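Okay, structure first, notes after.
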Amino acid sequence: MSTSPQTPQEPKKPYRDTNKIEIAGQLGQNPELVALTSGRMIVTGSLASHRNYVKDGQTAKKTNWVPFTYRGDNPEEFANALRKGDQVLLLGTLDYREWIDESTQTKRSTLEVAAFDYKLVREGKHH
Numbered sequence: 024m025s026t027s028p029q030t031p032q033e034p035k036k037p038y039r040d041t042n043k044i045e046i047a048g049q050l051g052q053n054p055e056l057v058a059l060t061s062g063r064m065i066v067t068g069s070l071a072s073h074r075n076y077v078k079d080g081q082t083a084k085k086t087n088w089v090p091f092t093y094r095g096d097n098p099e100e101f102a103n104a105l106r107k108g109d110q111v112l113l114l115g116t117l118d119y120r121e122w123i124d125e126s127t128q129t130k131r132s133t134l135e136v137a138a139f140d141y142k143l144v145r146e147g148k149h150h
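Going by the working numbering, the sequence shown opens with residue 24, and the numbers climb by one from there.
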């Protein structure tokens, strides 16, 4: 048994740096399968996530369009199985991406979901 005094623990931070996102919504278009220069395949698309709120005593609806890339297993399966209007749950991280617009030579940027997993919540009317 040690008789040395215990070192006090550092106080815990009220937060931890975490980059994790879970978002559900409807696919805004059919997912697009894209080949990267490395040869790796990813899927790109956008997700419409809706939020209801009260404005002037009336319920209103706000739609946020969220761009995403799917970088998980079987991107071909993701692109072929899902269609515009499907309700999907995406799990991943937020990713800040920059590029040069080739037509205007303007620097562009976006914050997007880099998904590594997904779940089909409900099929759209197309199925």
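C-beta atoms are modelled at their ideal positions from N, C-alpha and C, and glycine is treated no differently. Note that the structure is predicted; figures quoted are calculated from it, not measured.
DSSP state of residue i, grouped into three classes?
i, result
"N53", "coil"
"E135", "strand"
"S25", "For S25, the pLDDT reaches just 49, beneath the cut-off of 50, and the residue's location in the model is therefore unreliable, although a value from the coordinates is still provided. The answer is coil: DSSP assigns S25 none of H, G, I, E or B."
"T92", "strand"
"D140", "strand"
"Q81", "strand"
"N87", "strand"
"E45", "strand"
"K130", "strand"
Considering residue i, what are the terminal residues of the alpha helix (DSSP H) in which it resides?
i, result
"N103", "P98 to A104"
From residue i to residue j, what distance separates their C-alpha atoms?
i, j, result
"K85", "S72", "8 Å"
"R106", "P54", "7 Å"
"G48", "F91", "12 Å"
"K78", "R63", "46 Å"
"S25", "D40", "Its pLDDT being 49, under 50, S25 is placed unreliably in this model, and the value from its coordinates should be taken loosely. In a straight line, the C-alpha of S25 is about 35 Å away from that of D40."
"G147", "N75", "21 Å"
"R131", "E121", "6 Å"
"T129", "G80", "43 Å"
"A83", "Y119", "30 Å"
Please determine, among the options, the residue with the shortest C-alpha to C-alpha distance to residue i.
i, options, result
"L70", "Q81, P98 and L113", "L113"
"I46", "R131, A104 and N87", "N87"
"Q110", "L56, R145 and D40", "R145"
"L143", "T41, D124, L117 and N103", "N103"
"L56", "T129, T133 and E100", "E100"
"P98", "L50, Q52, D140 and G51", "D140"
With residue i and residue j assumed to form a contact (beta carbons below 8 Å), what rounded beta-carbon distance in angstroms separates them?
i, j, result
"Q138", "Y93", "The displayed chain sequence assigns Ala, not Gln, to residue 138. That pair is a contact at about 5 Å."
"V89", "V136", "6 Å"
"K43", "T127", "Actually they are not in contact, since the Cβ atoms of K43 and T127 sit about 34 Å apart, beyond 8 Å."
For the beta strand (DSSP E) that residue i lies in, which residues bound it at each end?
i, result
"Y72", "Inspection of the sequence shows that residue 72 is occupied by Ser rather than by Tyr. M64 to K78 is the extent of the beta strand (DSSP E) around S72."
"T116", "Q110 to I123"
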